[in-house]
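Q: Pasting a structure below so you can have a look.
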Amino acid sequence: MAEMKNLVLDPQYLKIIAKSLSDTFVEYLSPQPILNLSPLLKSQSKLFIETGIATGDAELIEELVHCLTEDESEGAELIVELRKVLHDLHHVLDYKHLNCQPDGSHETCYVSSVLICLMDGSFLSQLSQQEACKICSIMCEKKFISEKSSEMALKKNNAIEICLEVLKSIRQRKPDWPFEFVKCLKSIHTVHSDNDQVRAKSLTLVQKPAISSQTVEGAHEKIEKESNYSLAEAANFLETCPPLSSKFSEDDSEKYFAALKREEQKHMTDFSDESDSDDDDSENEMVDLGLRQYQEELAQDALAGKNTIICAPTGSGKTRVATHVILEHLKKREGANLKKKVAFLARTVPLVMQQFKSLKRYLPNKYLMENVTGDSEYSMNLHKLLDHYDVVVMTPRILENHVTGEDPLIPGGLAAFSLLVFDECHHTRKGEAYNSLMLSYLHTKMKSSVDLPQVVGLTASIGVEKAKNVPEAEVNILKICSNLDAVCISMVKKYEKEMEELVPVPKEEIQMLKERDHDECSEKIVKIIKDLEQRALQLIKEVKHEDLEKLMKNSPFPQDKKSQKYGQRVVMMEKKAMAIARQPQKETNTSIHSILVIAYHLKAYNVALDLYDLVQWRDVLDFLKKRFNHFCERKAKGGLTRAEDTFYSFFKELEQQQRTKKNNNRNLKDLKKVIKRNLLQEEGTQSESRKISKGIIFVRTRFLAHALASSIENSSDGLLRGLGTSVFTGTEAPESEGGMTSAQQEEIIDQFMNGSLRLLVATSVAEEGLDIPECNLVIKYNHVGNEVTTVQMRGKFLNQFLPYGRSRRTGGKSVLLGFDNIYKKELINQYDAKMMKDAIRNVSSMTEDEIRRANEKNQAEILKNDEIDKLVKRNEKSHLIDKDFKMVCKFCRQVVIQGKDVKLIDDSHHVVVNREFMNQVQMKRNKSLHVTGQMATYGSGICR
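Residue numbers are given in the UniProt record's numbering: position 418 of the sequence shown equals residue 418, and the series is strictly consecutive.
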């Protein structure tokens, strides 16, 4: 957008501003006066048409905002219409369409003026690039946009593009951002004015003008004229409105603008060439990490150059200890003129970003740092960047791709580094990326005398797997030591009392949930499942295949239709049917196809029954509707087989089920009571300590996370609605299936840290490693992991260090809400956690020679097994036949991919390179691009 048109009619700007203002609209607009004045907007409101003005404002405005943000018309007709209505209402001085807060922080006249100023948009063409940069910096400082978004905006080429990037990056649940933005515009106009009287006037309380009959009569004529405000006119327009506080004196305004000038000069310096000048003092300054005595004890073995596992509770500051170790390592190697190259490894993108920020904060500037994840565009070019950095924080797969294999991209492999730090090192087990790296390390150690890096592991818990007693647990822990080539486990012993006083110890509470097995809705789902089972058995008889018949005879369907065992049983049937379907003569067999479709439906209903115990009936229907959406779309096009149509009709009948129980889930009510009791006071008044209270709810599935977050956000209880709730899920799944991008994860963590979000509903991605400050409530909603996650979750409380002398033992609580089977799993986990603690302490008391001898024995076995695995793989590869093949969609049997059109990218992604394939499917785009190495994923393809 180098050349700007009249922004009043620019649909691109209108769509951007409508989305960025969506939370502001919900917070401040009262929809009924707007709908009454606009037939076009009224026609878009199904709620208004169906129920009239009796519908609540909250539902109406959310529907209206949804229509605006989804407006795909070429000219943004709905947004243009809303802007015209807002102009109309403002010029007749009728503010019934505004719903301002009773505290009077924003008067209706002021809110109206701000909305019109922003929706008009012509101020963009009045800004210089310097001014746009200043606005960007202020919006970032005020936490309305993230630091990453600010960096992206400041890289743009002109003022317009900078501002548009800022507007696109406005954080969710920040309805008051427009007032800060317009305040920036006013300050720019005032600072640049030579008239000091204007400066004082802009922040002086001005009385609201009286309404004359001429004003009302002429308002509609005035609105028909071109309304293209300049920046100066926009500022003058806002002068007729009260300031943010009537207590703002002229002396205050002088101080305010003096501060603005200082900020402007500071910003101009930041963007000048002089800011790049060398400053040896700042680069070489000593960083005081303020380690406590127990943290210094944890660092001793690593500082002595030993390969060690630092084991301490979550929240005890292991990252700070690691930072101290890294800093001392770099200084020591630098002083001796030795190689200094540190790899800090974290398993997930959020962890990489969090650890990178922490290290960046404490390490001196002279040590260059970079972070690399699968989302980075240079994730396959680490070898080209490595020489330029001292510390690289990355996911283990990145390093594995560069140091393993016969001809690694990084010459010398891991020997190119002087220190490896493994965060959450208990994941150094077979099948994990950490273990692949250490296998490479051990092979090099056995075959060469090359100088290998020091290894430091960080963990709060080392799992004991299937150990039945402490001696067996010790064997498992020694295996982890062997995998990491660690000669000791560093624990707090001497200063244990200090750590116990400072590290949070939550109160643990268990509350039983009640299953909803015998009511109308669950019985209906069970009936459908049994019907599908009978149809599957009949079809298996028709197919007459020995493997399928044997499976059904030896492993009939379990009686508990919502158990995980039932889901596993269905998957077994599906795999057998898939194997038959791959046979050429069976590709189009209708019976096999029907069995596969039944398996798909049974898996969905199995999950639905599990969900029904935990969420509302409407959420269960939403889940099933999403699962069966492709059947719905194909049915609309007449593309379903007779069997598919029959099975889909079962869901349509279920969808008509009366929703009499939609607000009667006792378990969900109990969950909300726990949230209110711990994060809010029942009376609605909050003490200062309560205002910063935050919590995390852990659940098993992404859909459950989204359903719970939606239920809390849309609760009839205003206190719960006002908490600020969001989901937090992993990056493995696409957004269409409830996953998140790494940028979205980072955004959510930032909002949780700064308090705009106070409650997260998370899957297992947040269970380990992630330090979330000021979190004093963890709820496990019918979900437990193993003994490792039990220990990890205990530490997710107040993970920020308090000044010496202050205890953090109070305020944290861990609540398990679960059914009987989950309760028993938790009891087993607690037993295993205690056994693990005893075993770790015993191993940490062993001498280094004893651990070395155990390592030698274990590592010989590890390398032997690895050689056997490689031999088996080579043998399997030698028997592969280069033969033409094709893949067929298991549902429609029409979408076909030829084997010659499939290529392997990055040694992990199988990609169809024939563009004709796109004609066989319809694409569903994600909201944002997902980059992995050389791959960019922007949506999903489904059969037509």
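Note that the Cβ used here is the ideal one computed from N, Cα and C, for glycine as well. Treat the numbers as computed from the prediction; the structure is a model and nothing was measured.
Note the first and the last residue of the continuous beta strand (DSSP E) segment covering residue 949.
A: For the chain, the structure presents residues 1 to 944; residue 949 sits outside this window and is missing.
Q: What residue range is occupied by the uninterrupted alpha helix (DSSP H) comprising V85?
A: First-last of the alpha helix (DSSP H) with V85: 77-91.
Q: For A467, which residues of its own chain have a beta-carbon under 6 Å away from its beta-carbon, when the five flanking residues on both sides are left out?
A: Result list for A467: A473, N476, in chain order.
Q: May I have the straight-line CA-CA distance separating V464 from I697, to the nearest angstrom?
A: Computed Cα separation, rounded: 26 Å.
Q: Counting Cβ pairs closer than 8 Å, one from the region 110-118 and one from the region 128-137, do we hit at least three?
A: At 8 Å Cβ cutoff, the stretches do not touch.
Q: Mind checking who H910 pairs with in its DSSP beta bridge?
A: Answer is L904, bridged to H910.
Q: Closest to L757 by C-alpha separation, out of G738, S844, F728, V674, would be which residue?
A: Closest by alpha carbon: F728.
Q: Does the Cβ of Y378 have 16 or more other Cβ atoms within 10 Å, making it buried, or fewer, making it exposed?
A: The residue in question, Y378, is exposed, as its Cβ has fewer than 16 Cβ neighbours within 10 Å.
Q: Under 8 Å, Cβ to Cβ, is there at least one residue of chain D near E151?
A: Chain labels in this structure do not include chain D; a single protein chain is all it has.
Q: At the level of alpha carbons, what is the spacing between V699 and K780?
A: For V699 and K780, the distance between alpha carbons rounds to 7 Å.
Q: Going by beta carbon distance, what residues of the same chain come within less than 7 Å of N371, once the five residues before and after it are set aside?
A: Closer than 7 Å at Cβ, skipping near neighbours: V352, M353, F356, V393, M394.
Q: In chain order, what residues of the same chain have a beta carbon less than 8 Å from the beta carbon of D619, not counting five sequence neighbours either side?
A: Around D619: L611, A707, S710, S711.
Q: Within 10 angstroms of its Cβ, does I16 collect 16 or more other Cβ (buried), or is it exposed?
A: Burial call: buried.
Q: What do you get for S149, buried or exposed, if any count of 16 or more other CB atoms within 10 angstroms of its CB means buried?
A: Buried, since its Cβ has 16 or more Cβ neighbours within 10 Å.
Q: Please state whether DSSP places K507 in a helix, a strand or coil.
A: Three-state result, K507: strand.
Q: For S490, which option in L327, V321, K550 has the closest C-alpha, if you only look at C-alpha atoms?
A: Comparing Cα positions, the closest option is V321.
Q: Would F25 pass as a contact of V85 if the rule is Cβ separation under 8 Å?
A: Result no, Cβ atoms of F25 and V85 do not sit closer than 8 Å.
Q: For D547, which residues from the same chain have a beta carbon less than 7 Å from its beta carbon, with the 5 sequence-adjacent residues on both sides left out?
A: Closer than 7 Å at Cβ, skipping near neighbours: K576.
Q: What is the residue span of the alpha helix (DSSP H) that T444 lies within?
A: Run containing T444: 433-447, per the alpha helix (DSSP H) assignment.
Q: Inspect the beta-carbon positions of L720 and K676 and report whether they are closer than 8 Å.
A: Yes. Within cutoff.
Q: On the criterion of 16 or more Cβ atoms from any shown chain inside 10 Å, does Q894 qualify as buried, or is it exposed?
A: Answer is exposed; the Cβ neighbour count stays below 16.
Q: Looking only at its chain, what residues have a beta carbon closer than 6 Å to the beta carbon of K19, apart from the 5 residues adjacent to it on each side?
A: If we look at K19 and ignore the five residues flanking it on each side, its Cβ neighbours are T69.
Q: Just verifying my parser: in three-state terms, what is the DSSP assignment at T459?
A: Of the three classes helix, strand and coil, the one that applies to T459 here is strand, per DSSP.
Q: Quick check on the DSSP output: what are the complete alpha helix (DSSP H) runs of length 4 or more inside the region 282-341, in order along the chain?
A: DSSP runs (the alpha helix (DSSP H)) wholly in the region 282-341: 293-303, 318-335.
Q: Unbroken beta strand (DSSP E) runs of length 3 or more, entirely within the region 476-555: which are they?
A: Listed in chain order, they are 488-490, 507-512.
Q: Based on DSSP bridge pairs, tell me the residues matched to C775.
A: Paired residues: K694.
Q: Can you grab the Cα-Cα spacing for the pair K255 / R171, in whole Å?
A: Interpretation of K255 is limited by its pLDDT of 39, a score under 50 that renders its predicted location unreliable; the figure taken from the coordinates is listed afterwards. Distance between the alpha carbons of K255 and R171: 29 Å.
Q: Does the distance from the C-beta atom of N667 to that of D717 stay below 8 Å?
A: Against a cut-off of 8 Å, the Cβ pair of D717 and N667 comes out as no contact.
Q: Would you call the region 527-542 and the region 827-837 touching, i.e. three or more CB-CB distances under 8 Å?
A: Because the criterion of three Cβ pairs below 8 Å is not met, the region 527-542 and the region 827-837 do not touch.
Q: Which first and last residues belong to the beta strand (DSSP E) in which Q898 is found?
A: Q898 -> beta strand (DSSP E) spans 896-898.
Q: Restricting to Cα atoms, I'd like to know which of H909, K331, V896, K694 is closest to G374.
A: Here the closest residue by C-alpha is H909.
Q: Given Q859, which residues of its chain have a CB within under 7 Å of its CB, disregarding the five upstream and five downstream residues?
A: Closer than 7 Å at Cβ, skipping near neighbours: L442, S482.
Q: Grouping DSSP H, G and I as helix and E and B as strand, with all else coil, what is C133?
A: Helix at C133.
Q: Tell me, to the nearest whole angstrom, how far the beta carbon of L414 is from that of L452; I am working on the premise that it is less than 8 Å.
A: That belief holds up - the Cβ atoms of L414 and L452 are roughly 7 Å apart, short of 8 Å.
Q: Can you tell me which of the three DSSP states T108 falls into?
A: In this structure, T108 counts as helix in the three-state DSSP scheme.
Q: Starting from E370, follow the beta strand (DSSP E) in both directions and report where the run begins and ends.
A: That run of the beta strand (DSSP E) goes 369-372.
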